[in-house]
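Structure first, commentary second.
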Amino acid sequence: MFDFHEFSAIKIDDLILLNRQEILEYIKNNQILFKDLVLDFSPLRHTAYGHNQLGHLVKISYKNDLVQKIVIVKNKSHINRVKMVIAYDGSQFHGFQFQSKQRTVQGELNKVIQPMIGSNVLIQGASRTDAGVHAYGQVIHFDTNLLLSPEQWKDILNHQLPKDIYVKEVSMEHLLFHSRYDVCKKTYVYKIHLGPYDPLLANYYHFDQNLNVEAMRQALKILEGRHDFSSFSKSKVDDPMREIFHTSIEVKDNIIRLEIVGNGFLRYMVRLIVDYLIKIGKDQAKLSMLDVLKEKSRKYTNSIAPAQALYLDKIEY
Numbered sequence: 001m002f003d004f005h006e007f008s009a010i011k012i013d014d015l016i017l018l019n020r021q022e023i024l025e026y027i028k029n030n031q032i033l034f035k036d037l038v039l040d041f042s043p044l045r046h047t048a049y050g051h052n053q054l055g056h057l058v059k060i061s062y063k064n065d066l067v068q069k070i071v072i073v074k075n076k077s078h079i080n081r082v083k084m085v086i087a088y089d090g091s092q093f094h095g096f097q098f099q100s101k102q103r104t105v106q107g108e109l110n111k112v113i114q115p116m117i118g119s120n121v122l123i124q125g126a127s128r129t130d131a132g133v134h135a136y137g138q139v140i141h142f143d144t145n146l147l148l149s150p151e152q153w154k155d156i157l158n159h160q161l162p163k164d165i166y167v168k169e170v171s172m173e174h175l176l177f178h179s180r181y182d183v184c185k186k187t188y189v190y191k192i193h194l195g196p197y198d199p200l201l202a203n204y205y206h207f208d209q210n211l212n213v214e215a216m217r218q219a220l221k222i223l224e225g226r227h228d229f230s231s232f233s234k235s236k237v238d239d240p241m242r243e244i245f246h247t248s249i250e251v252k253d254n255i256i257r258l259e260i261v262g263n264g265f266l267r268y269m270v271r272l273i274v275d276y277l278i279k280i281g282k283d284q285a286k287l288s289m290l291d292v293l294k295e296k297s298r299k300y301t302n303s304i305a306p307a308q309a310l311y312l313d314k315i316e317y
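Okay, here's the thing in structure tokens:
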């Protein structure tokens, strides 16, 4: 019935199976859950949403045309799931995630959305950006019984939110859509301004020395593929493996635009990479990028690039 990826999982209400053989055995013994599935497959997405013949909600995620994850839960049709693409200037925020004594993006969203809904709201974000980091395309979702059109949501929120947050898009999604767990790709952009200081480019990393951009570009390419990124993580994590799909460095009008696309990023990963790339560009790196990657420690990556030049550019599902 299904061709499963080597690393696959299945979740049926509260039951979670991670062993491929157990998954196949469960499907064999519970075929009624998997027959006559109605799913909205799209070549633009890596996840299909729909329902089974019992009316249960179904979500199937794919990787390289193989099933990676199946989720089935009983329908909660009285709830609407709202998805939003938002942009924000992170300069005056202590990150995305709510903090009781600090100004955060999630906190400002809560202030506006919670009174509208009339109850506590759980706003989920695709990426928990750090203090000072900006976003062009952060994605959030939340559940509500409130019946508003996407246009109404957008108009009301943009009227009430502070001017450093803007709602770009709103859509109603399947109840199993998850802004964080369904992410396929994240794109981060880092901007470096070369030459004399310009106050209009204050959010960029100002660097008034010459850099060997081609050496930086070649070093960045080495990171493409699936690697252990322990050398570029704030702290030790259980799973430091991440996959980088694409990298690029472009220069225009004294602005270096560095782009990294991956399936996920460790905390401070992009900024640590940028800092080491600058050392390479200055010909001050003690090791090659490949050797630093193999080191799997912070021995040679003990400094970090500023947060204000980092942008969460795009989230793909």
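If you're matching positions, the sequence shown starts at 1 in full-length UniProt numbering and goes up one per residue. In this text, a Cβ means the ideal position worked out from N, Cα and C, and glycines have one as well.
- According to the DSSP secondary-structure assignment, residue 188 is paired through a beta bridge with 260, 312.
- Nearest C-alpha to residue 2 among 197, 43, 57, 26: 26.
- Inter-segment contact for the segment 278–287 and the segment 167–174 is absent: fewer than three beta-carbon pairs are separated by less than 8 Å.
- Counting the other CB atoms within 10 Å of its CB gives residue 302 a total below 16, which places it among the exposed residues.
- When DSSP states are grouped into helix, strand and coil, residue 22 belongs to the helix group.
- Under the rule that a run must span 4 or more residues, the alpha helix (DSSP H) segments found entirely inside the segment 135–178 read 150–160.
- For residue 214, the enclosing alpha helix (DSSP H) starts and ends at 213–221.
- Residue environment analysis places residue 101 among the exposed positions, since fewer than 16 neighbouring C-beta atoms fall within 10 angstroms of its C-beta.
- Put simply, the segment 138–155 touches the segment 74–87. At least three CB pairs are less than 8 Å apart.
- Per DSSP, residue 281 is one residue of the alpha helix (DSSP H) stretching across 269–281.
- Taken through DSSP and simplified to helix, strand or coil, residue 8 comes out as strand.
- A residue is called buried when at least 16 other Cβ atoms come within 10 angstroms of its Cβ; residue 246 does not meet this threshold and is exposed.
- By DSSP's assignment, residue 237 forms no beta bridge with any residue.
- Beta bridge pairing from DSSP links residue 45 with no other residue.
- By the Cβ test, the segment 45–56 is not in contact with the segment 127–140, since fewer than three Cβ pairs between them sit closer than 8 Å.
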